[in-house]
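Taking it in order: structure first as C-alpha cells, then the write-up.
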Amino acid sequence: MMLSLQRQEDPASALQRGLLLYLKERIDLREVSCGYPERRDLMMLRNDLVQHLSTGPRNIDVDNVVDIEDASLLLQQSLPDPVHHHAACSKCPYLTLCSLHLWHTDGPKVTESHPLSKLREEALGHLSPQHVKYFLHWTSLLKLEEKGQLI
Numbered sequence: 033m034m035l036s037l038q039r040q041e042d043p044a045s046a047l048q049r050g051l052l053l054y055l056k057e058r059i060d061l062r063e064v065s066c067g068y069p070e071r072r073d074l075m076m077l078r079n080d081l082v083q084h085l086s087t088g089p090r091n092i093d094v095d096n097v098v099d100i101e102d103a104s105l106l107l108q109q110s111l112p113d114p115v116h117h118h119a120a121c122s123k124c125p126y127l128t129l130c131s132l133h134l135w136h137t138d139g140p141k142v143t144e145s146h147p148l149s150k151l152r153e154e155a156l157g158h159l160s161p162q163h164v165k166y167f168l169h170w171t172s173l174l175k176l177e178e179k180g181q182l183i
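Sequential numbering from 33 applies to the sequence shown in this note's numbering.
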C-alpha cells in the first residue's frame, strides 16, 4: 500500500494486482490480477509453511549428540499437510521429496483416498530402502549443520 501511494496509484486498484514468478520451465515474472480471497488464501498458505519451516527440526542440543548416525532419528523437518489435488501432485517436481517425507517420517499421514496415496508407487517405486535411508540421513545431517550454524 505504501508503494502504491508513493507511485500515486489508486490504492483500491493497486491492491488487486500482484507479481507471479514462474520457475519450472523458465524464469518468467508476470503481473496478475487477483481479488481479496486469493490474496488471503496465499498469505494463509505462506504463513502455514513458514510456521513449519521456522521451527526447524526438533529442539535438541547439538553438543549432546554423541553419534552423528543418531542425528537422522532426532532431526526430521516438520512439513504441513499435503494438498488434496491429484493433478497438481502428479505434475509437481517435488512429488518424490514430498512422498519421502510423508511415508518415511513422523510427519502428517494421509488416507487411502488421498491423491498422494494413489501416486505413492509412481513417486517412490524406483527407490530402494537404501535410497530412502540415505535421503533421510542426508537431510538430517543438513539440519544438524543448520542447527550448528545458529549457535
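Ideal Cβ placement from N, Cα and C applies to all residues, glycine included.
N- and C-terminal bounds of the beta strand (DSSP E) containing residue i
i: valine 64; result: 60–65
Helix, strand or coil at residue i [DSSP, three-state]
i: leucine 35; result: Residue confidence for leucine 35 is low, a pLDDT of 48 falling below 50, so the modelled location carries little weight; the figure read from the coordinates is stated next. Three-state result, leucine 35: helix.
i: leucine 197; result: Here the chain covers residues 33 to 183 and nothing more, so residue 197 does not appear.
i: serine 145; result: coil
i: proline 69; result: helix
Within 9 Å, strictly: CB atoms of residue i and residue j
i: leucine 174; j: leucine 132; result: no
i: leucine 61; j: leucine 53; result: yes
i: leucine 134; j: proline 140; result: yes
i: leucine 81; j: proline 112; result: yes
i: histidine 118; j: phenylalanine 167; result: no
i: cysteine 121; j: leucine 77; result: no
i: alanine 155; j: leucine 127; result: yes
Selection from the options that minimises the alpha carbon distance to residue i
i: arginine 70; options: Ile59, Ala119, Leu51; result: It should be noted that the sequence gives glutamate, not arginine, for residue 70. When each option's Cα is compared against that of glutamate 70, the closest is Leu51.
i: valine 115; options: His146, Pro125, Leu61; result: His146
i: glycine 157; options: Leu129, Leu176, Ser172; result: Leu129
i: cysteine 66; options: Arg72, Arg49, Ile59, Asn79; result: Arg49
Bridge partner(s) assigned by DSSP for residue i
i: glycine 50; result: Val64
Bounding residues of the alpha helix (DSSP H) (the contiguous stretch that carries residue i)
i: lysine 123; result: 118–123
i: leucine 159; result: That residue, leucine 159, is in no alpha helix (DSSP H); it is neither H nor E in DSSP.
i: threonine 128; result: 127–136
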